[in-house]
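In order, the protein sequences belong to chains A and B.
The first sequence runs 1 to 349 under this note's numbering.
The second sequence runs 1 to 625 under this note's numbering.
Glycine included, C-beta positions come from ideal geometry on N, C-alpha and C.
Okay, structure first, notes after.
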Amino acid sequence: MTAVLVRWGVAAAVSAYAAAVVTRHGTPIDDALPAIAVLMTVLAALTHPSIQLSVPLLLIGEIVLFDERLRLLWFGLVIGVAFAAVILWSGPIRSRTAAVVITVAAVLLLRWIPLSEVLIGRELIVLAFSVAIVLVLGATPVAIAVAVATALFTTAVPLRTLMVPAGVLALAAVARAAGTWRLRLPVAAATVVTTMMLFFAWSGALARAAPIMLRGGPPSLERIPVRIALAAGESVEIDIPREGKGLIVSGANVPRLRRGTPLGTIQPAGIVVRIGDVADWGVLRREHYYNSRNPLPRRPGGLVRGYGQTAWIDASGRIDVPPGRVTVRAEPTLPRGASLQIDAIELTR
Amino acid sequence: MAVQILHAVVVLTLLPLLTLRGKWLARYFAVDVATYVVAAVAWRHLDGADPYFAAVAFVVAKIALFALFLNVATMVRWSPNRAFLLALLVYSLLVPAMQRTPIDGDEPFYLLVTESIVRDFDLDLSNQYRELDRSAVGRLDLRSQPGDPVGEEGEQYSRHEPLLSILLVPGYLLGGLSGALVTMVLFAALLVRSTMRFLEEEGIDDGTARAVFPFFAFGPPVVFYAARIWPEVPAAFFFVEALRGVRHRRPQRWIPALLMLSFLKLRFVLVALPLVLRTFLRFRRASTIAMLVAGLPLLVVWLITGSATNVHSIGDLFAPGAGGPFHGAFGLILDGAAGIAFQAPFYLLGIFALVRWREMPEGFRLGCFSAVLYLLFLVPRSEWHGGWSPPLRYIVFLMPVLALGAASLRAPLRNGIIALWTLGLVIHGVAYPWRLFHIANGENVAGEFLSRLYGSDFSRLFPSFIRLNDAAIVAAGVFLASVIGFAFLKGPSLPRPLVAATVSIVIAAAFVAGQQAGPRVDFEDAHVTHQGGELFPHEYTVARFAYRGGWVLHEGQSVSFLARRGPATLHYITGIPARVQIGPRVYDLPASRSYQTARVRIDSGGRVVLRVLRGSVNLDRLEYD
């Protein structure tokens, strides 16, 4: 037993060192590669040794993929497939310890990067709830998926959002009492976990804007920055160039407005910009999400910002406007301090 | 594109239906649907990636997933005939994939002969060369190769034996180039069937055969020749059939098989001879047949070309190689561009099986025995690596035997590193079929890619026996030590938890080393940034590997490279006096008819520019003291 532990310990240390040597791109995800290597080794030790093959694959991605989005997606894919393999090859999950370790590893990857942004106390509570959910649901594949999904979608800011995992735990207890806890659904569970892990590098964006992320994320657009904010009643004239396709617009200080509330107009096209077409620019940040009443923009035009649990998408929306001079006017009825922001002109690719 | 996607989906759906049963089939389809879901989500995020590459990667990964199920499932319908169908289905995907670029190497010449047979009922290619725009080869740049036979009336013949071209006739008549490729696919599927039957007959159990099957059928090198016009796959098929025939004492099988093998390429007479000799020694009554097998191909070739050995001479067999027999022998196993270890790592197990000679099945020993003469003549040759062709060309025929050896070892078959490497090779080769051809300059695709990415010499980290480097010597030492270790140790020497960790640390170490300046700079290499000039000799020069490669620079042109500080020797050739500048120092290079050296000094490490101030010079390499 000691010899096995020593071997795995050496394997983890060597993997972490190799990852530290190779790390070169400087994002928090790249910087976390040594920790990820250790996590994958622990996972391999408790489930199947082949899982450890994910470490060299991560290193190769770090070395050869310079495009950040592609590289982080590759990391997500490798880790996602590793988790799927662990869950699908159900033999190893027979052990409760293994199920707990899988869950903890997944939650750490989804919520503890970047480490500097982790709210330790709250995250430990989330982790504890996740473990409890897995154990209550019988350490099955579906239990892992439920626990990990609960952790992912819990913002933990403000503190009262911890009621979400508490509620899921209560439901799990009811499910167990009702006798449905033996449900395994390994393939469905693996699919869910793999999809979540696929975006672990932007887990915050996935948690708070899942429909956008699952549909390919905000599109990468050619854009000319404008960066003008219009207070209530103010207007501005903008020349949309011939290759222009429209405007990328958002609100500021409008998180409490509900769907359909007008924010401004674009003339001469006679377009009314409403909540739903756009949203408050920073509403998908972890700190602001809970208080928002804005729906996600119908045609998102924002950018993915940040990494890991603190990743978010600015909630700009794309409004098609024909080329030429247009006048954008903010609604006079906007609340005090609120504004309509013209972020950029979208260009045809 | 839509047709290709539909084709792939149909193939991927049929594979499990043909083999898996009961709960394993249901489980597979559940996972199958899940992979489509995850792929659909991921696909929308692949903005910066090549969509064709991503699609190929997905399909190959799905085939690997199926192979995994085939290996672990307990409810499976399995037989060599099913293996044939599985291979046929997968190879059908290769027919359009391999036509992304025009056929290359010897392929167009084989097809030209087919066209000549179909259209003119002769083997004279003169009119085919004149009317290339009417040809299905898609290559307007074709010319007869130097040394091709010329008839008394000026007929232009191909140097290649005509049997393969004859075999392509029905397919060509039905579907042109695609029809010819489908013919090759049929041979490849037949090869898979025969090999699986061979394994079965040699006592390999079903489970092991199913583990070997994907590596053999869907892994390199067979998969890269399955839908290409080379004689290698049909040769492998006839070789397996011959071995099976000899093993079962069925002359009606091995005689025609050996005849076809020898007709495909005269070099395979060297494979037929030991088999014939062995049979002759055991069954003297078969001596007439034996002589027939050995002599008939030579006779037919003599009737066609006027020489029993076609364009070759007996002296060719003893042609001196670039580095002696050891280069070829180790190169075929370890070379980064042309060796089994890097291009088809699964078959390393077959090499290691040689160490357990006595434990190996009779079929393996017979196959190795019959290949010995061929290999003895191959390894000293300077073209041991196969020249302008997909990797491992000259030993493709031997793969069924090596697969049998690998299967006989059983235990190491579930090696994840080998599986992942193979997966990567297949994805790369199918997505970019033109990269299967390499100019044999001592680099390989991976080394070139990394060298370009980082501007430093990563290629030197891959063993090269084409241009012998330090890595090759280290690799040869490690290989010999491994073989000795394997011979005396019965179990795996490295604990399983440490395998992937070791690979990780090797990657990290190689990454660090690759970014340092190497002990020598070859100016044609990918890590050298060329500001003007041209490759010497030209990429498509026949037998380019026989030249000292280099980079020709003219006045005002330059190259830059990562250099070490200190004295070095510049190897070059120039017909006119030239003056070059390296860093702040200027050197005069006298003209000469042969390669010369000049002592130079690099004042500081880092990126250094070598500029031609006057004249022109062919720069070969820079070697540090």
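Point to revise | Top-ranked residue by Cα proximity to Asp50 (chain B), from A:Val226, A:Leu70, A:Val146 | key: Scanning A:Val226, A:Leu70, A:Val146 for the CA closest to the CA of Asp50 (chain B) turns up A:Leu70.
**Study point:** Integer Cβ distance of Thr529 (chain B) from Ser504 (chain B), believed to fall under 8 Å
**Key:** Not really, about 30 Å apart at Cβ, beyond 8 Å.
Review point. Using DSSP with H/G/I as helix, E/B as strand and the rest coil, what is Asn127 (chain B)?
Key: In the structure shown, Asn127 (chain B) adopts helical secondary structure according to DSSP, grouped into three states.
Exercise for review: Compare the Cα-Cα distances from Ala11 (chain A) to each of A:Asp30, A:Arg24, A:Val21, A:Ala44 and report the closest residue.
Suggested key: Checking every option, the nearest Cα to that of Ala11 (chain A) belongs to A:Ala44.
Review point. How about the region 250-266 of chain A and the region 328-335 of chain A: do they share at least three Cβ pairs that are nearer than 8 Å?
Key: Yes, they touch.
**Study point:** Where the region 466-497 of chain B meets chain A: residues whose CB sits under 7 Å from a CB there
**Key:** So the close ones are Pro495, Arg496, Pro497.
Point to revise | Which residues DSSP lists as bridging Asn618 (chain B), in chain order | key: Residue pairing from DSSP places Asn618 (chain B) in a beta bridge opposite B:Val552, B:Ile573.
Review point. Hey, how far is the Cα of Ala598 (chain B) from the Cα of His554 (chain B)?
Key: The alpha-carbon atoms of Ala598 (chain B) and His554 (chain B) are separated by roughly 18 Å.
**Study point:** Beta-carbon spacing of Val126 (chain A), Ala170 (chain A) below 7 Å
**Key:** Going by C-beta atoms, Val126 (chain A) is not nearer than 7 Å to Ala170 (chain A).
Point to revise | Nearest-angstrom Cα separation, counted from Pro300 (chain A) out to Gly270 (chain A) | key: For Gly270 (chain A) and Pro300 (chain A), the distance between alpha carbons rounds to 21 Å.
Check your understanding: What separation, rounded to the nearest whole angstrom, lies between the Cα atoms of Ala82 (chain A) and Ala353 (chain B)?
Key -> A direct Cα-to-Cα measurement between Ala82 (chain A) and Ala353 (chain B) gives close to 32 Å.
**Study point:** Contact set for Ala232 (chain A): own chain, Cβ-Cβ below 6 Å, skip 5 residues either direction
**Key:** When the five nearest sequence neighbours on each side are left out, the beta carbons in the same chain lying within less than 6 Å of the beta carbon of Ala232 (chain A) are those of Ala330, Pro332, Leu334, in order along the chain.
Review point. Closest to Phe465 (chain B) by CA distance: which of B:Val499, B:Leu622, B:Glu383 is it?
Key: Among B:Val499, B:Leu622, B:Glu383, the Cα nearest to that of Phe465 (chain B) is on B:Glu383.
**Study point:** Rounded distance between the beta-carbons of Ala189 (chain A) and Pro141 (chain A), thought under 8 Å
**Key:** About 4 Å separates the two Cβ atoms, so the contact holds.
Check your understanding: If we ignore side chains and look at the alpha-carbon of each, how far apart do Glu232 (chain B) and Tyr225 (chain B) end up?
Key -> Each residue's alpha carbon lies about 7 Å from the other.
Exercise for review: Name the residue from B:Gln596, B:Gly171, B:Ala578 whose alpha carbon lies nearest to the alpha carbon of Asp588 (chain B).
Suggested key: Nearest of B:Gln596, B:Gly171, B:Ala578 to Asp588 (chain B), Cα basis: B:Ala578.
Practice item. Can you tell me which of B:Trp24, B:Arg282, B:Pro256 puts its alpha carbon nearest to the alpha carbon of Leu292 (chain B)? Key: Answer by Cα proximity: B:Pro256.
Review point. Do Glu524 (chain B) and Gly556 (chain B) have their C-beta atoms within less than 7 Å of each other?
Key: Their beta carbons are not under 7 Å apart, which means Glu524 (chain B) does not touch Gly556 (chain B) by this criterion.
Exercise for review: Have a look at B:Leu259, B:Phe326, B:Ala475, B:Phe198 and flag the residue whose alpha-carbon is nearest the alpha-carbon of Ala403 (chain B).
Suggested key: From the listed residues B:Leu259, B:Phe326, B:Ala475, B:Phe198, the smallest Cα separation to Ala403 (chain B) is found for B:Phe198.
Exercise for review: Could you confirm whether any beta carbon from chain A is found closer than 7 Å to the beta carbon of Arg44 (chain B)?
Suggested key: Any Cβ of chain A closer than 7 Å to the Cβ of Arg44 (chain B) would place that residue at the interface, and such an atom is present.
Point to revise | Unbroken beta strand (DSSP E) run spanning Leu589 (chain B), endpoints | key: In the DSSP assignment, Leu589 (chain B) falls within the beta strand (DSSP E) that extends over 585-589.
Practice item. Below 7 Å between beta carbons is the criterion; list the residues of the region 210-235 of chain A that meet it against any residue of chain B, in chain order. Key: Along the region 210-235 of chain A, the positions whose C-beta sits under 7 Å from a C-beta of chain B are Leu214, Arg215, Gly216, Gly217, Ser220, read in chain order.
Check your understanding: Quick one: what does DSSP say Tyr624 (chain B) is sitting in, helix, strand or coil?
Key -> Collapsing the DSSP output to three states places Tyr624 (chain B) in a strand.
Review point. Along the region 14-26 of chain A, what residues have a CB closer than 8 Å to any CB found in chain B?
Key: Listed by position, the residues of the region 14-26 of chain A near chain B (Cβ gap below 8 Å) are Val14, Ser15, Tyr17, Ala18, Ala19, Val21, Val22.
Check your understanding: If you run the structure through DSSP and keep just helix, strand and coil, what is Leu284 (chain A)?
Key -> Coil.
Practice item. Report the three-state DSSP secondary structure of Ser456 (chain B) (helix, strand or coil). Key: Note: Ser456 (chain B) maps to coil in three-state DSSP.
**Study point:** Beta-carbon contacts of Arg176 (chain A) that lie in its chain and below 6 Å, excluding the five residues immediately before and after
**Key:** These residues qualify, in order along the chain: Val136.
Point to revise | Members of the region 49-71 of chain B near chain A, C-beta cut-off 8 Å | key: Within the region 49-71 of chain B, Ala49 place their CB atoms closer than 8 Å to a CB of chain A, listed in sequence order.
Review point. Hey, how far is the Cα of Pro667 (chain B) from the Cα of Ala329 (chain B)?
Key: Here chain B has residues from 1 to 625 only, and residue 667 (chain B) is not among them.
Review point. Can you tell me the Cα-Cα spacing of Leu299 (chain B) and Ala308 (chain B), whole angstroms?
Key: Counting only the Cα atoms, Ala308 (chain B) lies some 6 Å from Leu299 (chain B).
Review point. From Gln128 (chain B) to Ala337 (chain B), what does the alpha carbon distance come to, in whole angstroms?
Key: If I take the Cα positions, the gap works out to 34 Å.
Point to revise | Cross-chain neighbours of Val37 (chain B) in chain A, by beta carbon under 7 Å | key: Annotation: Cβ neighbours of Val37 (chain B) in chain A (cutoff 7 Å, chain order): Thr191.
Review point. Given that Leu453 (chain B) touches chain A, what residues does it touch there, using C-beta distances under 9 Å?
Key: Neighbours of Leu453 (chain B) in chain A, taken as residues at a C-beta separation under 9 Å, are given in chain order as Ile63, Val64, Phe66.
Practice item. Taking only beta carbons into account, state which residues of the region 497-515 of chain B come closer than 7 Å to chain A, listed in chain order. Key: For chain A, the residues of the region 497-515 of chain B that bring a beta carbon within less than 7 Å of one of its beta carbons are Pro497, Leu498, Ala500, Ala501, Val503, Ser504, Ile505, Ile507, Ala508, Phe511, Val512, in chain order.
Exercise for review: Please check if any C-beta of chain A sits within less than 7 Å of the C-beta of Val426 (chain B).
Suggested key: Chain A, which has no Cβ nearer than 7 Å to the Cβ of Val426 (chain B), makes this no.
Point to revise | Proximity winner among A:Ala207, A:Trp89, A:Glu68, A:Gly61, relative to Arg111 (chain A) (alpha-carbon distances) | key: Selection A:Ala207, A:Trp89, A:Glu68, A:Gly61 evaluated against Arg111 (chain A) yields A:Ala207 as nearest (Cα-Cα).
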